[in-house]
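Chemist:
Residue numbers (my numbering): 11 to 193.
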């Protein structure tokens with residue numbers, strides 16, 4: 011299985027791997043939140059978040075056909091607060107307005123991690139990341155994976171404080187909020 015194959019995993023496997031209720035509990039979304047789901051793929055998490063917040067921005071390197079398909083699925087499901095945004099987070103994230111950034115098995119692929127974290131911090135937004143544990147038998151090669159301690163260090167270096175964490179069988183999830191700025 012290549013490291014991008016997780017996007018086509020069945021929803022039942024995804025929920026068993028990262029239980030939706032536990033993820034939502036960690037994120038503490040409100041009806042005022044706008045979530046940008048970076049690397050949204052099939053829209054699994056975008057659809058999940060849509061019932062808990064004001065708006066969801068599904069951001070990924072979608073082709074026009076993929077974007078239309080995801081938007082059509084949302085419309086058929088009666089989801090009116092999901093906006094599909096084809097594009098590269100490295101070039102677009104700073105142009106979007108959001109209160110919470112979410113990455114599921116996609117942060118390790120970001121070549122511009124520092125820029126992304128700066129954009130999220132400058133927006134005053136929260137950050138939640140789900141990533142593969144080092145021993146997970148599928149996913150990206152181990153040298154691409156981000157250990158939990160490295161992600162914590164990186165987020166803290168960009169002005170975030172850890173709000174919570176969850177450990178799952180194959181993944182971990184960390185949630186951060188912007189640290190108060192000292193003037």
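Just so it is clear, CB atoms sit at the ideal spot from N, CA and C, and this is done for glycine as well.
1) Does the distance from the CB of residue 137 to the CB of residue 126 come in under 7 Å?
2) Would you say residue 134 faces chain D, with C-beta separation under 7 Å as the test?
3) When you compare the CB positions of residue 45 and residue 63, do they come within less than 7 Å of one another, or not?
4) Quick check on the DSSP output: the beta strand (DSSP E) that includes residue 106 runs from which residue to which?
5) Can we say the stretch 62–79 touches the stretch 93–112, given the rule of at least three CB pairs closer than 8 Å?
6) Is the beta carbon of residue 118 less than 7 Å from the beta carbon of residue 157?
7) May I ask you to list the residues that DSSP assigns as paired with residue 95?
8) Starting from the C-beta of residue 106, find all residues in its chain whose C-beta is less than 7 Å away, skip the five residues before and the five after it, and write them out in chain order.
9) Between residue 184 and residue 178, what straight-line distance do the alpha-carbon atoms span, to the nearest angstrom?
10) Where residue 140 and residue 90 are concerned, what is the direct C-alpha to C-alpha distance, given to the nearest angstrom?
11) Between which two residues does the alpha helix (DSSP H) containing residue 76 stretch?
12) DSSP three-state call for residue 21: helix, strand or coil?
13) So what's residue 183 in DSSP terms, helix, strand or just coil?
14) Quick check: what's the CA-CA separation for residue 56 versus residue 142?
15) By a C-beta neighbour count over all protein chains shown, 10 Å radius and 16 as the cutoff for buried, is residue 53 buried or exposed?
Modeler: Checking against the coordinates, here is how it stands:
1) Along the chain shown, read from residue 1 onward, the residue named residue 137 stands at position 127. Along the chain shown, read from residue 1 onward, the residue named residue 126 stands at position 116. Against a cut-off of 7 Å, the Cβ pair of residue 126 and residue 137 comes out as no contact.
2) The structure shown contains no chain D; it holds only a single protein chain.
3) Reading the chain shown from its first residue, position 35 is the one you call residue 45. Reading the chain shown from its first residue, position 53 is the one you call residue 63. Yes, they are a contact pair.
4) Mapped onto the chain shown, residue 106 falls at position 96. Unbroken run through residue 106: none, as it is neither H nor E.
5) Touching, yes.
6) In the chain shown, the residue the question calls residue 118 occupies position 108. In the chain shown, the residue the question calls residue 157 occupies position 147. Against a cut-off of 7 Å, the Cβ pair of residue 157 and residue 118 comes out as no contact.
7) Translated into positions along the chain shown, residue 95 becomes position 85. In the DSSP secondary-structure assignment, residue 95 is bridged to 69.
8) Position 96 of the chain shown holds residue 106. Taking residue 106 as the centre and dropping the five residues before and after it, the same chain places the C-beta of 46 and 67 closer than 7 Å to its C-beta, in chain order.
9) Translated into the one-based positions of the chain shown, residue 184 becomes position 174. Translated into the one-based positions of the chain shown, residue 178 becomes position 168. Distance between the alpha carbons of residue 184 and residue 178: 11 Å.
10) For the purposes of this step, residue 140 is taken as residue 130 along the chain shown, with counting starting at 1. For the purposes of this step, residue 90 is taken as residue 80 along the chain shown, with counting starting at 1. Taking the straight line from one Cα to the other gives about 25 Å.
11) The residue given as residue 76 occupies position 66 in the chain shown. Looking at the DSSP string, the run of the alpha helix (DSSP H) that includes residue 76 is 74–86.
12) The residue you call residue 21 lines up with position 11 of the chain shown. The answer is helix: DSSP assigns residue 21 an H, G or I state.
13) As a position in the chain shown, residue 183 is number 173, starting the count at 1. Note: residue 183 maps to strand in three-state DSSP.
14) Here residue 56 refers to the residue found at position 46 when the chain shown is read from its first residue. Here residue 142 refers to the residue found at position 132 when the chain shown is read from its first residue. About 19 Å.
15) The count along the chain shown starts at 1 and reaches residue 53 at position 43. It counts as buried.
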